[in-house]
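Heads up: the sequence shown at position 241 corresponds to 241 in full-length UniProt numbering, and the numbers run straight through without jumps.
Just below is one structure, and these are the notes that go with it.
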Amino acid sequence: MSMRWGMTVPLGGVPLADHAAVFTTLADAGFTDAWTAEVAGTDAFTPLTLAAAWEPRLRLGTAIAPVYTRGPGLLAMTAAALAETAPGRFQFGIGASSPVVAGDWNAAEFVKPFARSRDTLRFLRAALAGEMVDQAFPTFTVKRFRLERPPAVPPQLMLAALRPQMLHLAAAEADGVILNWLAATDVPTALAETKEAGPDFAVATRIFVVPTDDAGYARTLGRRLITSYLTVPAYAAFHRWLGREEILTPMWQAWERGDRKAALAAIPDSLVDELVVHGSPDVVRSRVRAYADAGVTIPVMALLPTPELERGGFPALTELITALGRPA
Numbered sequence: 001m002s003m004r005w006g007m008t009v010p011l012g013g014v015p016l017a018d019h020a021a022v023f024t025t026l027a028d029a030g031f032t033d034a035w036t037a038e039v040a041g042t043d044a045f046t047p048l049t050l051a052a053a054w055e056p057r058l059r060l061g062t063a064i065a066p067v068y069t070r071g072p073g074l075l076a077m078t079a080a081a082l083a084e085t086a087p088g089r090f091q092f093g094i095g096a097s098s099p100v101v102a103g104d105w106n107a108a109e110f111v112k113p114f115a116r117s118r119d120t121l122r123f124l125r126a127a128l129a130g131e132m133v134d135q136a137f138p139t140f141t142v143k144r145f146r147l148e149r150p151p152a153v154p155p156q157l158m159l160a161a162l163r164p165q166m167l168h169l170a171a172a173e174a175d176g177v178i179l180n181w182l183a184a185t186d187v188p189t190a191l192a193e194t195k196e197a198g199p200d201f202a203v204a205t206r207i208f209v210v211p212t213d214d215a216g217y218a219r220t221l222g223r224r225l226i227t228s229y230l231t232v233p234a235y236a237a238f239h240r241w242l243g244r245e246e247i248l249t250p251m252w253q254a255w256e257r258g259d260r261k262a263a264l265a266a267i268p269d270s271l272v273d274e275l276v277v278h279g280s281p282d283v284v285r286s287r288v289r290a291y292a293d294a295g296v297t298i299p300v301m302a303l304l305p306t307p308e309l310e311r312g313g314f315p316a317l318t319e320l321i322t323a324l325g326r327p328a
């Protein structure tokens with residue numbers, strides 16, 4: 001079948017040096033893709049370099065490499081090296097990230113995220129094609145940069161987008177869009193803003209999954225994630241746009257007061273169940289498939305810890321990956 005089926009790597013609790021077995025298990029289970037994030041764990045590229053070398057069946061993607069934390073030239077060089085390592089298998093996802101990641105942790109000035117994302121996208125398009133770039137972009141200037149090793153197969157460029165302006169930019173100038181933190185029922189709302197995209201436009205979405213029948217455990221974990229993410233201004237604005245202002249306002253108000261316990265308590269089960277996929281592996285697969293049915297071409301699971309994994313260790317993880325594999 002043509003539908004792709006992704007997993008976020010690296011997996012928690014498994015050292016990077018031991019991921020060869022993880023990548024093989026993913027591919028054997030029918031996973032087609034391994035995608036990374038870049039927050040405060042591993043960087044976005046090292047796990048994919050290992051996957052490229054250890055498991056040639058997997059396609060690879062970054063979701064996302066922030067546009068502020070590397071200079072434009074270094075961003076192009078890193079992407080070119082991975083594209084050369086895995087020709088035709090790498091999709092390069094970039095995005096604005098957040099003020100915490102860019103500013104607090106990486107000493108970059110988080111200003112004009114839309115313009116910086118647009119300018120980086122345009123620079124990368126030219127640089128990865130092997131062109132000389134000598135241009136003053138609105139948010140940075142590059143003088144006479146040319147890749148010494150442009151990839152024979154430039155990676156597709158994908159842009160993280162949440163609201164209409166960035167979604168329109170992705171549709172107009174990128175090869176695909178990366179969505180995050182939305183329910184399957186929200187996908188049509190987001191994709192309605194990408195109508196100008198071509199027929200091969202890719203849509204990747206990270207989906208947080210907790211494969212356990214312990215709903216109380218899953219919802220407790222989901223509440224912690226929701227307060228971590230949906231209090232970030234960009235995600236808060238995104239969910240206002242999606243129509244969740246009323247349901248999220250009590251959580252936002254408690255968070256602003258510094259009352260973390262009340263913020264967690266203000267999140268109803270129904271919202272956790274919408275945004276965090278949990279249940280048996282069969283239920284998880286079915287709910288992830290719903291994202292594909294709604295228009296996502298690359299659903300990418302982000303596997304969260306469960307009591308079963310904590311008890312069972314690596315054998316339980318291998319069994320779970322197999323159970324979560326691409327549905328027939």
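Idealized CB from N, CA, C, for every residue including glycine.
Tell me the rounded alpha-carbon separation between arginine 219 and proline 315.
Cα to Cα, arginine 219 sits roughly 25 Å from proline 315.
Taking Cβ positions, are serine 98 and valine 232 nearer each other than 7 Å?
Yes, the Cβ-Cβ distance between serine 98 and valine 232 is below 7 Å.
Taking just the CA atoms, how far does threonine 205 sit from glutamine 156?
Cα-Cα distance, rounded: 16 Å.
For the beta strand (DSSP E) containing lysine 195, name the first residue and the last one.
Neither: lysine 195 is in no beta strand (DSSP E) and is coded neither H nor E.
Beta strand (DSSP E) containing methionine 158: first to last residue?
That run of the beta strand (DSSP E) goes 156 to 160.
So, with DSSP's three-state summary, where would you put leucine 303?
Leucine 303: strand per DSSP, three-state reduction.
Do phenylalanine 145 and glycine 73 count as a contact pair if the criterion is CB distance below 7 Å?
Yes, these two residues count as a Cβ contact at 7 Å.
Over what stretch of residues does the alpha helix (DSSP H) that includes leucine 167 continue unbroken?
First-last of the alpha helix (DSSP H) with leucine 167: 164 to 173.
Of the choices Arg57, Ala254, Val101, Ala170, whose alpha-carbon is the least far from that of valine 20?
Position check: residue 20 holds alanine in this sequence, whereas valine was assumed. Among Arg57, Ala254, Val101, Ala170, the Cα nearest to that of alanine 20 belongs to Arg57.
What first and last residue would you give for the beta strand (DSSP E) that runs through tryptophan 35?
Unbroken beta strand (DSSP E) run through tryptophan 35: 33 to 36.
Go to glycine 77, then tell me how far its alpha helix (DSSP H) extends in each direction, as first and last residue.
Before going on, a small fix: residue 77 reads as methionine here, not glycine. Where methionine 77 is concerned, the enclosing alpha helix (DSSP H) stretches over 72 to 85.
For proline 99, does the three-state DSSP call read helix, strand or coil?
The answer is helix: DSSP assigns proline 99 an H, G or I state.
Report buried or exposed for methionine 251, applying the criterion of at least 16 other Cβ atoms within 10 angstroms of its Cβ.
Buried is the call here.
So which of Ala192, Pro211, Val209 has the shortest CA-CA distance to valine 203?
Among Ala192, Pro211, Val209, the Cα nearest to that of valine 203 belongs to Ala192.
For alanine 184, count neighbouring C-beta atoms within 10 Å of its own C-beta (all shown protein chains included) and say buried if the count is 16 or more, exposed if not.
Alanine 184 is buried by the Cβ-count criterion.
What does the alpha-carbon distance come out to for the pair arginine 223 and threonine 139?
For arginine 223 and threonine 139, the distance between alpha carbons rounds to 37 Å.
Please classify glycine 6: does DSSP put it in a helix, a strand, or coil?
Glycine 6 falls in the strand class under three-state DSSP.
Below 8 Å on the Cβ atoms is my guess for alanine 34 versus leucine 60; work out the distance and round it to an integer in Å.
Sure, about 6 Å apart at Cβ, within 8 Å.
Please go through the same chain and pick out, in chain order, the residues whose beta-carbon is closer than 6 Å to the beta-carbon of histidine 278, but skip the five residues on each side of it.
Excluding positions up to five away in sequence, the list reads Val210, Ala218.
Assess, as a yes-or-no matter, whether the segment 247 to 264 is touched by the segment 303 to 311 under the definition of 3 or more beta carbon pairs within less than 8 Å.
With a cut-off of 8 Å, the segment 247 to 264 and the segment 303 to 311 do not count as touching, because too few Cβ pairs lie within range.
Specify whether the segment 80 to 90 and the segment 44 to 57 touch according to this definition: at least 3 beta carbon pairs, one from each stretch, less than 8 Å apart.
Yes, the segment 80 to 90 touches the segment 44 to 57.
With 16 as the cutoff for other CB atoms within 10 Å, does leucine 253 come out buried or exposed?
In the sequence on display, residue 253 carries glutamine and not leucine. Answer is exposed; the Cβ neighbour count stays below 16.
If you scan the segment 255 to 320 from start to end, which runs of the beta strand (DSSP E) of 3 or more residues do you find wholly inside it?
Entirely contained in the segment 255 to 320, the beta strand (DSSP E) runs reaching 3 residues are, in chain order, 298 to 303.
Which same chain residues end up closer than 8 Å to leucine 271 when comparing Cβ atoms and leaving out the 5 residues on each side of it in sequence?
Cβ within range, chain order: Ile226, Arg244, Ile247, Leu248.
Counting along the chain, where does the alpha helix (DSSP H) carrying alanine 115 start and finish?
Taken as a continuous stretch (DSSP letters only), the alpha helix (DSSP H) holding alanine 115 covers 113 to 128.
Can you give the Cα-Cα distance for proline 299 and alanine 96, rounded to whole angstroms?
So the alpha carbons of these two residues sit roughly 21 Å apart.
With a cut-off of 8 Å on the beta carbons, I'd call leucine 128 and alanine 79 a contact; round off their distance for me.
That belief holds up - the Cβ atoms of leucine 128 and alanine 79 are roughly 6 Å apart, short of 8 Å.
Taking just the CA atoms, how far does alanine 294 sit from proline 188?
Cα-Cα distance, rounded: 6 Å.
I want to see whether chain B comes within less than 7 Å of tryptophan 54, judged by CB atoms only; does it?
Protein chain content of the structure displayed is limited to a single chain, and chain B is not contained in it.
Label alanine 152 either buried or exposed according to how many other C-beta atoms from any shown protein chain fall within 10 Å of its C-beta, with 16 as the threshold for buried.
Its Cβ having fewer than 16 others within 10 Å, alanine 152 is exposed.
What does the alpha-carbon distance come out to for the pair glycine 103 and glutamate 38?
Rounded to the nearest angstrom, the two C-alpha atoms are 14 Å apart.
Give me, in chain order, the residues of the same chain whose beta-carbon lies closer than 7 Å to that of methionine 1; leave out the 5 immediate sequence neighbours on both sides.
Confidence in methionine 1 is poor, its pLDDT being 40 and thus under 50, which makes the residue's placement unreliable; the coordinate value appears in the next sentence. Cβ neighbours of methionine 1 beyond the five flanking positions: none.
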